[in-house]
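The block underneath contains the structure these notes are about, expressed in structure tokens.
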Amino acid sequence: MLPTQAESVIKSIIREIGQECAAHGEIVPETLVAFMVKAVVLDPSNGFNTDRTLTKSDVQKLVKLCVNRLLDSKNPSLDTIKMQVYFDMNYTSREEFLEEHHRVIESRLSSVSREITDSRACAREELESLYRKIVSYVLLRSGLGSPTDIKIVREATVPAILQEAIPATTQHVDSQLEAVQDQAYRYTAVLEKAAKSPLVGQELQPYMLREALYNVRQCEIFLQVILSDIITCAQEVEMMIKQLEAQLEQLKLTVKSKTAVPTSQVFPVFIALSNLWTSFQDETVLISVLSNLTTHLEPFLGAHDLFFPEKVMQALLDGVTVKTDVCRIKEHIEDRVNVADFKKLEWLFPETTANFDKLLIQYRGFCAYTFATTDGLLLPGNPSIGILKYKDKYYTFNTRDAAYSFAENPENYIDIIREKAKKNAELIQLLELHQQFETLIQYSQMKEVDRRYIKPITKCETGTQTDTHLLPPTIVRSYEWNEWELRRKAIKLANLRRKVTHSMQTDHSHMRRENCSQVYPLKTVGTQSLRAGSSRVPRPQVYVAGLRGGQTKATRGVKVNLTRAVDET
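Position one of the sequence shown corresponds to residue 3 (this note's numbering), numbered consecutively onward.
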């Protein structure tokens, strides 16, 4: 909001504005005050500079402007801002609501649940007391009524209540939506007439028709969100009723007339029935919250009957044809943008985009060119003309001429719309401009409907031509698919391994062909080893001398040792 201001200073300004409003008898929520401060600072006509620190006189001026706007009960713009703040503070998505509801219920009934689970009743009176506690727990958890009311105890059936509540709530929301749309169509017709005639535009200045149009358009958007949630509830209830009937039928077939049934057979069915009953209770609470939310949106439309009674509207509508959004779209459904006229811009069409209906259109689908050139007139865009993709954002237009004009200079029209939103702060949420003002518009608990960014999936008619057989065919003659044939071949091969082949040469086969074989010649192979070494001693040589020539007994032989010495070898 004010980047150069301390948080304590901002809180003191908000507190002072709240006290001033209370002194005039108007109790204003702090969230609404905070948003109004940001809206006043954002308006360039007020002369605030967010780049510098506010002086004391600036603070006094800011407080005065905010108090005057918050106390102005004759301004549809204030009603729109109040409606936006109320809806953002009280509406949550289906998943978030059920999660928070379960948490609150468990915290409230934890003591009763503990008494039931810890009970050890044996006597008849104790069992009756335990039964009453169980019934009270079920009624308190479902929120169907007081457990002391015997009619509620006997007749509380959640599916029957839902089957009555959903059509009634849907009818109530439909009637509200139809009334709001009728007002929006009438205001649009008058403002369209004023845009074509400057004299009529000057006469309409005091009526604040544009602010009134923004008010009913914002209420229309909120009612459509609520109606979508109710339709989802109806689909869930229809599915659960079928499941309930199936589970009860299964339980009936399981129990029949038996006096005793095994726990393993019936306990899972009881658990499934319990979960279904809890889901029914959740849908009941959700329908109640949505119905209350619709009822509380009605007071924010009270200024229309005060400023625009039927007589005034009849005078303004004299000579004017009131058209619905559907009629406006049908008038130009055949007009389409010629893509060949734009070389640098991309256009999307239903037949070339798979998720055409899921794209997040800027300005909630209103024509950007018409809004910028007619000082804020809201006309629905026609996607059939073509959706312009510019900087990853998507824009629709109510006519083909508007599409061509916007495409010539998109930045110029985007800047005009941004400046218009600074003067009318309710347009920031109505046209979903939060990203452009994210540093200034961030009041607490602001929650936007979950609309995730989706990229378009483009499609086109294309074809390719290829040869039937790009590569030469490869046929494996030995391939066999029949397992019995493979088995036969395997047996044959196994038998051949045990056979002996015989051959013989006959006159017919003799010398029919010349056979030869080539072999490598044998190599001379040798090895080299160590030389064997050894030591050898002299050989003993002993001779007997004197035996020759002597024939007498006196002859005696003499031994002569001729063995060489060891060192002589």
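Note that beta-carbon positions come from the ideal geometry of N, C-alpha and C, so glycine has one too.
Asked	Found
Which value, in whole angstroms, describes the spacing of the CA atoms of P200 and C369?	21 Å
Just the Cα atoms here: how many angstroms apart are R156 and S290?	A caution first: R156 carries a pLDDT of 47, below 50, which makes its placement in the model unreliable, though a value can still be read off. When rounded, the distance between both Cα atoms is 22 Å.
Can you give me the Cβ contacts of R143 inside the same chain, cut-off strictly under 7 Å, excluding the 5 residues immediately before and after it?	I107, L111, Q283
So, is S537 buried or exposed, given that buried needs 16 or more other C-beta atoms within 10 angstroms?	exposed
I'd like the list of long-range same chain contacts for Y371, defined as Cβ closer than 7 Å, with 5 residues on each side in sequence excluded.	F399, A404, S407, F408, Y415
Would you kindly report the start and end of the unbroken alpha helix (DSSP H) that includes Y88?	78 to 92
Do you know offhand how far A115's Cα is from V30's?	Residue identity check: residue 115 is Ser in the sequence provided, not Ala. When rounded, the distance between both Cα atoms is 40 Å.
Using CA coordinates, which residue listed in R500, T256, A423 is at the minimum distance from D2?	Coverage of the chain is limited to positions 3 through 571, which leaves residue 2 absent and any answer about it impossible.
With distances taken Cα to Cα, identify the nearest neighbour of A584 among I228, S230, N294, L275.	The chain is shown only over 3 to 571; residue 584 falls outside these bounds and no answer can be derived.
Can you tell which of H26, F37, G388 has its C-alpha closest to the C-alpha of I16?	F37
Could you check where the beta strand (DSSP E) with E348 kicks off and where it finishes?	348 to 350
Leaving out five residues on either side along the sequence, give the residues of the same chain with a beta carbon under 8 Å from the beta carbon of V544.	K561, V562, N563, L564, T565
With distances taken from CA atoms, which of V192, W279, V175 is nearest I233?	V175
In this structure, does DSSP put A36 in helix, strand or coil?	helix
Under 8 Å Cβ to Cβ from E28, same chain only, skipping five residues before and after it: list those, please.	L72, L73
What whole-angstrom Cβ distance do T286 and L164 have, given they're in contact under 8 Å?	6 Å
Compare the beta carbon distance of V339 and I387 with 8 Å and say whether it is the shorter of the two.	yes
Please classify D264: is it buried, with 16 or more other beta-carbons within 10 angstroms of its beta-carbon, or exposed?	A small fix is needed here, since residue 264 is Pro in this sequence, not Asp. Under this definition P264 is an exposed residue.
Between which residues of its own chain and S281 is the CB-CB distance below 8 Å, once the five residues before and five after are set aside?	E238, M242
Does the stretch 177 to 195 come within contact of the stretch 121 to 138, defined as at least 3 CB pairs closer than 8 Å?	no
Sort out for me which residues DSSP pairs L390 with in a bridge.	W349, Y397
Can you find the residues in the same chain that come closer than 7 Å, C-beta to C-beta, to I493, ignoring five residues on each side of it along the sequence?	none
How many whole angstroms separate the CB atoms of Y216 and T82, which I take to be in contact at a CB cut-off of 8 Å?	6 Å
Starting from V563, trace the beta strand (DSSP E) in both directions and tell me its first and last residue.	Per the sequence presented here, residue 563 reads as Asn, with Val not at that position. First-last of the beta strand (DSSP E) with N563: 560 to 563.
On the three-state DSSP scale, how would you describe I223?	helix
Count the other C-beta atoms from every protein chain shown that fall within 10 angstroms of the C-beta of S10, then say buried if there are 16 or more, exposed otherwise.	exposed
In the DSSP assignment, the alpha helix (DSSP H) including Y406 goes from what residue to what residue?	402 to 410
With C-beta atoms as the reference, is L295 less than 8 Å away from I228?	yes
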